Ligand code: MBD
Ligand code: FE
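Residue numbers (my numbering): 1488 to 1770.
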């Protein structure tokens, strides 16, 4: 694993920026709502100039900010910066009226079209993939308790060193990424490995900010999901493990009590298993 261990923030940043641009170009829309832009850009600028006045910001500090913002772009870390420090608020607003399962932020490392894995199958991983084998079972239902056959779960997570395939060098293209189709009862059974706690890249502009502010770079171990079913609202979620030291101080503020799993020793094979059900709101 030497190649991935040498991954640079700027590599994953450049990939995350390029992937985001591709997806954004495909997204519909593009109609500018001038009133919203005037309101939101105006409020954002006022929030910053208010801080300048309240905190008596100096030219030295202003220039440090300017240099840092330029560096965020050069390191390709705008997706990382925004998803770590801002997305959680957007997610709360977007999903405040949901009645089914809670979701949380998507983060910068989602890729669509991951390979479909057969029922009860194992996600793509290297033959010597380090980590505890982990079986994830459950059911997708509607808010009225109806099973949702044919629901689709997309799963992606980092490896034991905290790297995501296609964002760090040296990993197979779809390592630890897969698409799983639920059976006629809306049930799924997924085999993977238990992910490790994750540190956001520390050698780029975001890492520089974290160090300068005396913060830490950790997210608790997590598995990312998108769950789709016909006629229902997509859920984007992440699930976490009890006892992780960073469940209470996730740098991305994306942990919710409803998203904690309850892993148990697997009675059928080596490793652990857990059950977690997704409840989807009708569209
Ligand atoms: C991640 O893996 C992640 O999930 C988030 C939200 C931010 C940075 C890296
Ligand atoms: Fe993640």
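In this text, a Cβ means the ideal position worked out from N, Cα and C, and glycines have one as well. Keep in mind the model is a prediction, meaning the values are calculated, not measured.
Beta-carbon contacts of residue i that lie in its chain and below 8 angstroms, excluding the five residues immediately before and after
i	result
residue 1676	1606, 1607, 1622, 1623, 1624
residue 1695	1555, 1558
residue 1502	1563, 1653, 1654
residue 1603	1665, 1666, 1667, 1668
residue 1510	1599
Contact set for residue i: own chain, Cβ-Cβ below 7 angstroms, skip 5 residues either direction
i	result
residue 1647	1617, 1618, 1683
residue 1690	1495, 1496
residue 1753	1622, 1759, 1760
Check: residue i C-beta below 7 angstroms from any heavy atom of the ligand FE
i	result
residue 1594	yes
residue 1709	yes
residue 1685	yes
residue 1494	no
residue 1645	yes
Residues of its chain near residue i, where Cβ-Cβ distance is below 6 angstroms and the 5 sequence neighbours each way are ignored
i	result
residue 1586	1630, 1768
residue 1681	1618, 1619, 1621
Supposed contact pair residue j and residue i - C-beta distance, whole angstroms, cut 8 angstroms
i	j	result
residue 1664	residue 1598	6 angstroms
residue 1638	residue 1669	4 angstroms
residue 1642	residue 1710	6 angstroms
residue 1718	residue 1770	5 angstroms
residue 1575	residue 1739	7 angstroms
residue 1765	residue 1588	5 angstroms
residue 1714	residue 1727	Contact flag wrong, Cβ pair sits at about 16 angstroms.
residue 1504	residue 1565	7 angstroms
Residue i beta carbon near the ligand MBD (any heavy atom closer than 7 angstroms)
i	result
residue 1571	yes
residue 1523	no
residue 1739	yes
residue 1706	yes
residue 1663	no
residue 1567	yes
CB contact check: residue i to chain B, cutoff 8 angstroms
i	result
residue 1720	Here there is only one protein chain, and chain B is not present.
*Please determine if the stretch 1648 to 1661 and the stretch 1629 to 1639 are in contact, where contact requires at least 3 C-beta pairs separated by less than 8 angstroms.*
no
*Is the stretch 1757 to 1764 touching the stretch 1607 to 1621 in the sense that three or more CB pairs, one from each, lie closer than 8 angstroms?*
yes
*Should the stretch 1694 to 1702 be called in touch with the stretch 1742 to 1758, which here means at least 3 C-beta pairs below 8 angstroms?*
Between the stretch 1694 to 1702 and the stretch 1742 to 1758 there are fewer than three inter-stretch CB-CB distances shorter than 8 angstroms, so the stretches are not counted as touching.
*Kindly confirm or deny that the stretch 1544 to 1554 and the stretch 1722 to 1741 touch, where touching means at least three C-beta pairs closer than 8 angstroms.*
no
*Any contact of the stretch 1583 to 1593 with the stretch 1527 to 1535, i.e. 3+ C-beta pairs under 8 angstroms?*
no
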